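Those protein sequences? They're chains X and G, same order as listed. Counting in my numbering, the first sequence runs from 797 upward without gaps. Counting in my numbering, the second sequence runs from 125 upward without gaps. C-beta: ideal position from N, C-alpha, C; glycine also. The structure displayed is predicted, hence computed values, not measured ones.
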Amino acid sequence: MIDTPNSPLIQFDNVEVRYGKIVYGLRGVSLCVEPGEFVFFVGKTGAGKSTVLKLLTREVRDYTGSVKLAGKEMNTYKDRHISRLRRTMGIVPQDFALLPRKRVWENLAYAMRAVGHSRKEVRNRVPEILQQVKVGHRADAYPNELSGGEQQRVAIGRALINRPPLLLADEPTGNLDPEHSWEIMELLSELNQAGTTVLVASHDMMVIHRMGKRIITLDQGRVTNDSAIGEAVLV
Amino acid sequence: MFDKFEFLLGESIRVFRRNSSMSFAAISTVAISMFLLGGILYAYLAISNYAQKQFPTQFTMEVFIKSGTGTPEIRRTAQQMREIPGVSKVVLIPKERAYPKLLKEMNMPEFREEEGIPIQDKFQVTLSDLSEETSAVVSSQMQQLPTVDSDNGIKYLESEQRFIDQLLRLLRVLGGIVGFLLFITAGVLIHNAIRLTIVSRRLEIRVMQLVGASRFTIQVPFLFEGSVQGAIGGVFSGLLLYMTYNLLGQAITGFDVFGTMPDFPVWPVVGLMTGVGALYGFISSLVALSAPLRYR
């Protein structure tokens, strides 16, 4: 589904999202993300960071303007196509969303089985993913036996089960201390270096600046700064 | 394929076990409502069967024609009868056809009367309803027809027929109301049980939606739960019906209403009840799933 030679992977053009009649999620947002980029969306609570990601996952469906993923307008995806769309991206939620009664490896196995992978594929791939996100040694632990950073690694591991070319992380370090936050960002950076496009919504400015990646700043639903183009986009 | 099936089955069983008390409520209500519906339907059929065997057909009168009436007059009489309000059908039963049948019923198939056939031609008249007014009016109007035998020319079991008819109507109404209410209650309980299970499994559902599991994969376990609840309720209702049938058979020996019916077909009834219950459970859970499992 995501194959975009010579065109941006993500393209927003004058996008407006409203929650109710007077609350804006986004106001006239235009931006492009090329394949293989690592982009931070930053801003205060309610600035519109999560809305950008939710437009891409189709959690937010109503918008005006144009939102294209791999050249395809998002509102052409019907309800029945959303599951297929989601399999082309990895989603990392802020709250980890791990199943508390399942061990680490079972959390990944469950997700893989749910999208139709066979037992054999699960047996081969789960250890590989756990190694990749560096929690292989905790495979038999339950989520409540893990640190916050480890839980987030498992959540990232789960997002990798479909080998997605695009990874969306909404406040992945929101519940973590600075040390664990940095570990998670390093992990995301490694995935990016392996070719995955990574979009992260965050307000953890200390870590973000240390990463040295592209930063798009949002305020009250508007893009106020894009480090790729500089201050020129300031409204 | 087998892997997928195994996963869905495992999930379905997990869903079913997660919410056992609500499942019990749903199953027992399905069982009771289907038992009452099935029981009333069976009693209706039994009484209806009994009435047909014991009395002239429920809504019929027998109208005897005077001996020696010619065919054209008989035809005209039939036409006149059809025009009477409250009459839905008129069938001529010639004595040549009725007599051998009568002899057979009397266990004398070889008997031959030397002076010809000693019974009259008759009409079997079916009424559109059996209210006291209709049958009395129809009866008196027929009695006035010149070809109808003036001496006991019309035969029908007024009070017995009316009693049976009223009993059947009562069963229909009672069964309809009680069964409908209970059936709706069972549906609501299955619906609620599914909704509660969805709440208790919201994290699993969220994980499945995050990684892009198909709607089918997410919904199947819940549809399975509803269908199984309905099916188990159906099995119990079938067995309850069978037990009740046997108990009634032993208790009511004098008035053999159930004896007129064929033996209770226990397995077909249980199978039918199971199928109906499963279908109803499936539909109830499908309704329960429509909104909460929408991809978010």
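### Query
Could you give the distance in angstroms between the alpha-carbon of X/Val1031 and the alpha-carbon of X/Gly824?
On the first sequence, residue 1031 of chain X is found 235 positions in, with the first residue counted as 1. On the first sequence, residue 824 of chain X is found 28 positions in, with the first residue counted as 1. For X/Val1031, the predicted model reports a pLDDT of 39, less than 50, meaning its position is unreliable; a value from the coordinates is still stated below. Distance between the alpha carbons of X/Val1031 and X/Gly824: 11 angstroms.
### Message
If you reduce the DSSP assignment to three classes, tell me which class G/Asp289 lands in.
### Response
Counted from its first residue, the second sequence places residue 289 of chain G at position 165. G/Asp289 falls in the helix class under three-state DSSP.
### Message
Check whether the stretch 880-892 of chain X and the stretch 324-344 of chain G are in contact - that is, three or more C-beta pairs closer than 8 angstroms.
### Response
Look at the beta carbons and you see the stretch 880-892 of chain X touching the stretch 324-344 of chain G: at least three pairs across the two are nearer than 8 angstroms.
### Query
Roughly how many angstroms lie between the CA atoms of X/Trp978 and X/Ala951, to the nearest whole one?
Within the first sequence, numbered from 1, the residue matching residue 978 of chain X stands at position 182. Within the first sequence, numbered from 1, the residue matching residue 951 of chain X stands at position 155. A straight line joining the alpha-carbon of X/Trp978 with that of X/Ala951 spans about 16 angstroms.
#### Entry: Contact set for G/Leu364: own chain, Cβ-Cβ below 6 angstroms, skip 5 residues either direction
Within the second sequence, numbered from 1, the residue matching residue 364 of chain G stands at position 240. Excluding positions up to five away in sequence, the list reads Phe159.
### Message
My output table needs one value for X/Leu852: the three-state DSSP class, helix, strand or coil.
### Response
Position 56 of the first sequence, counting from 1, holds the residue named residue 852 of chain X. Here X/Leu852 sits in helix by DSSP.
### Message
Closer than 8 angstroms between beta carbons: that is the criterion. Which residues of the stretch 929-960 of chain X meet it against chain G?
### Response
Of all residues in the stretch 929-960 of chain X, the ones placed with a Cβ closer than 8 angstroms to any Cβ belonging to chain G are Arg954, Ala955, Ile957 and Asn958, in chain order.
### Contacts that G/Phe131 makes with chain X (C-beta to C-beta distance below 7 angstroms)
Here residue 131 of chain G is taken as the residue at index 7 of the second sequence, counted from 1. Ordered by position in chain X, the residues that pass the 7 angstroms Cβ test against G/Phe131 are Arg909.
### Task
Could you tell me whether the Cβ of G/Lys213 comes closer than 9 angstroms to any Cβ of chain X?
Looking up residue 213 of chain G in the second sequence gives position 89. Chain X contact via Cβ: absent.
### Query
Are the beta-carbon atoms belonging to G/Val272 and G/Phe188 less than 9 angstroms from one another?
Mapped onto the second sequence, residue 272 of chain G falls at position 148. Mapped onto the second sequence, residue 188 of chain G falls at position 64. Contact: yes.
#### Entry: Chain-ordered chain X contacts of G/Thr341 [CB-CB under 7 angstroms]
Locating residue 341 of chain G in the second sequence gives position 217, counting from the first residue. Per Cβ cutoff of 7 angstroms: Ala910.
#### Entry: X/Asp1015 (DSSP reduced to helix, strand or coil)
Translated into the one-based positions of the first sequence, residue 1015 of chain X becomes position 219. Here X/Asp1015 sits in strand by DSSP.
### Task
Taking G/Glu186 as part of the alpha helix (DSSP H), name the residues at either end of that continuous run.
Locating residue 186 of chain G in the second sequence gives position 62, where the first residue counts as 1. Premise fails: G/Glu186 lies in the beta strand (DSSP E), Thr184 to Phe188, not in any alpha helix (DSSP H).
### Query
Is the shortest distance between the beta-carbon of G/Leu347 and the beta-carbons of chain X less than 9 angstroms?
Here residue 347 of chain G refers to the residue found at position 223 of the second sequence. Judged by the 9 angstroms Cβ criterion, G/Leu347 is not in contact with chain X.
### Task
Using 10 angstroms around the beta-carbon of X/Ile818, count the other beta-carbons present and answer buried if the total reaches 16, otherwise exposed.
For the purposes of this step, residue 818 of chain X is taken as the residue at position 22 of the first sequence. Exposed, by the Cβ-count rule.
### Query
Is X/Leu805 helix, strand or coil when you go by DSSP?
Translated into the one-based positions of the first sequence, residue 805 of chain X becomes position 9. Reduced to three states, the DSSP call for X/Leu805 is coil.
### Message
Using the Cβ count rule (16 or more neighbours within 10 Å means buried), how would you classify X/Thr872?
### Response
By 1-based counting over the first sequence, the position of residue 872 of chain X is 76. X/Thr872 is exposed by the Cβ-count criterion.
### Query
Does DSSP put X/Val1029 in a helix, in a strand, or in coil?
Counting from one through the first sequence, the residue named residue 1029 of chain X turns up at place 233. Bear in mind that a pLDDT of 43 at X/Val1029, under 50, signals an unreliable position, so the model cannot answer this.
### Query
For G/Asp245, which residues from the same chain have a beta carbon less than 6 angstroms from its beta carbon, with the 5 sequence-adjacent residues on both sides left out?
Here residue 245 of chain G corresponds to residue number 121 of the second sequence, with the count starting at 1. Within the same chain, G/Asp245 has close Cβ partners Ile189, Pro218 and Lys219.
### Query
By Cβ distance below 8 angstroms, which residues in the same chain neighbour X/Leu983 in space, the five residues on each side in sequence not counted?
Along the first sequence, read from residue 1 onward, the residue named residue 983 of chain X stands at position 187. Excluding positions up to five away in sequence, the list reads Val929, Lys930, Arg949 and Ile952.
### Query
When we look at the beta-carbon of G/Leu298 and count the other beta-carbons within 10 Å, is it buried (16 or more) or exposed?
What you label residue 298 of chain G is simply residue 174 of the second sequence in a count that begins at 1. It counts as exposed.
### Task
Grab the span of the alpha helix (DSSP H) containing G/Thr201 for me, first residue to last.
Stepping through the second sequence from its first residue, residue 201 of chain G is reached at position 77. Looking at the DSSP string, the run of the alpha helix (DSSP H) that includes G/Thr201 is Thr195 to Arg206.
### Message
Is there a Cβ of chain G sitting closer than 9 angstroms to that of X/Ala893, yes or no?
### Response
Your numbering for residue 893 of chain X matches position 97 in the first sequence. Chain G, which has a Cβ nearer than 9 angstroms to the Cβ of X/Ala893, makes this yes.
### Whole-Å CB distance - G/Arg339 paired with X/Ser985, under 8 angstroms assumed
Numbered from 1 along the second sequence, position 215 holds the residue referred to as residue 339 of chain G. Numbered from 1 along the first sequence, position 189 holds the residue referred to as residue 985 of chain X. Contact flag wrong, Cβ pair sits at about 35 angstroms.
### Message
Can you check which of these residues, G/Gly192, G/Tyr168, G/Leu251 and G/Gly240, is closest to G/Glu207 by C-alpha distance?
### Response
Within the second sequence, the letter at position 83 stands for residue 207 of chain G. Measuring from the Cα of G/Glu207, the nearest candidate turns out to be G/Leu251.
### Task
In the DSSP assignment, find the unbroken beta strand (DSSP E) run with X/Asn837 in it and report its ends.
Here residue 837 of chain X refers to the residue found at position 41 of the first sequence. Note on residue identity: the sequence assigns Phe, not Asn, to residue 837 of chain X. Phe834 to Val838 is the span of the beta strand (DSSP E), which, as asked, contains X/Phe837.
### Task
Check the Cβ-Cβ distances between G/Met158 and every residue of chain X, and say whether any is below 9 angstroms.
For the purposes of this step, residue 158 of chain G is taken as the residue at position 34 of the second sequence. Closer than 9 angstroms: no.
### Task
Determine the burial state of X/Asp809: buried for a count of at least 16 other Cβ atoms within 10 Å of its Cβ, exposed for fewer.
Residue numbering aside, residue 809 of chain X sits at position 13 when the first sequence is read from its first letter. X/Asp809 comes out exposed.
### Task
May I ask you to report which of helix, strand or coil DSSP gives X/Thr992?
Along the first sequence, one-based indexing puts residue 992 of chain X at 196. Of the three classes helix, strand and coil, the one that applies to X/Thr992 here is coil, per DSSP.
### 9 angstroms Cβ cutoff met for G/Gly303 and G/Gly358
What you label residue 303 of chain G is simply residue 179 of the second sequence in a count that begins at 1. What you label residue 358 of chain G is simply residue 234 of the second sequence in a count that begins at 1. For G/Gly303 and G/Gly358, no; Cβs fall outside 9 angstroms.
### Task
In the DSSP assignment, find the unbroken beta strand (DSSP E) run with X/Ile887 in it and report its ends.
Locating residue 887 of chain X in the first sequence gives position 91, counting from the first residue. Per DSSP, X/Ile887 belongs to the beta strand (DSSP E) from Met885 to Val888.
### Message
Measuring straight from C-alpha to C-alpha, what distance separates X/Asp891 and G/Asn316?
### Response
For the purposes of this step, residue 891 of chain X is identified with residue 95 of the first sequence, where counting begins at 1. For the purposes of this step, residue 316 of chain G is identified with residue 192 of the second sequence, where counting begins at 1. Going from the Cα of X/Asp891 to the Cα of G/Asn316 covers about 28 angstroms.
### Query
Just how far apart, CA to CA, sit X/Leu972 and X/Lys898?
Indexing the first sequence from 1 puts residue 972 of chain X at position 176. Indexing the first sequence from 1 puts residue 898 of chain X at position 102. If you take the alpha carbons of X/Leu972 and X/Lys898, they lie about 22 angstroms apart.
### Distance, X/His877 Cα to X/Glu1027 Cα
Taking the first residue of the first sequence as 1, we reach residue 1027 of chain X at position 231. Taking the first residue of the first sequence as 1, we reach residue 877 of chain X at position 81. Low confidence applies to X/Glu1027: its pLDDT is 47, below 50, so where it sits in the model is not reliable, and the reading given next is rough at best. So the alpha carbons of these two residues sit roughly 38 angstroms apart.
### Query
So is X/His913 in contact with chain G if we call contact Cβ pairs under 9 angstroms?
Numbered from 1 along the first sequence, position 117 holds the residue referred to as residue 913 of chain X. For X/His913, the answer is yes, since a Cβ of chain G falls inside 9 angstroms of its Cβ.
#### Entry: Cβ neighbours of G/Arg277 in the same chain (closer than 6 angstroms, five flanking residues each side left out)
Walking along the second sequence from the start, residue 277 of chain G turns up at place 153. Residue identity check: residue 277 of chain G is Gly in the sequence provided, not Arg. Only Phe188 meet the Cβ criterion.
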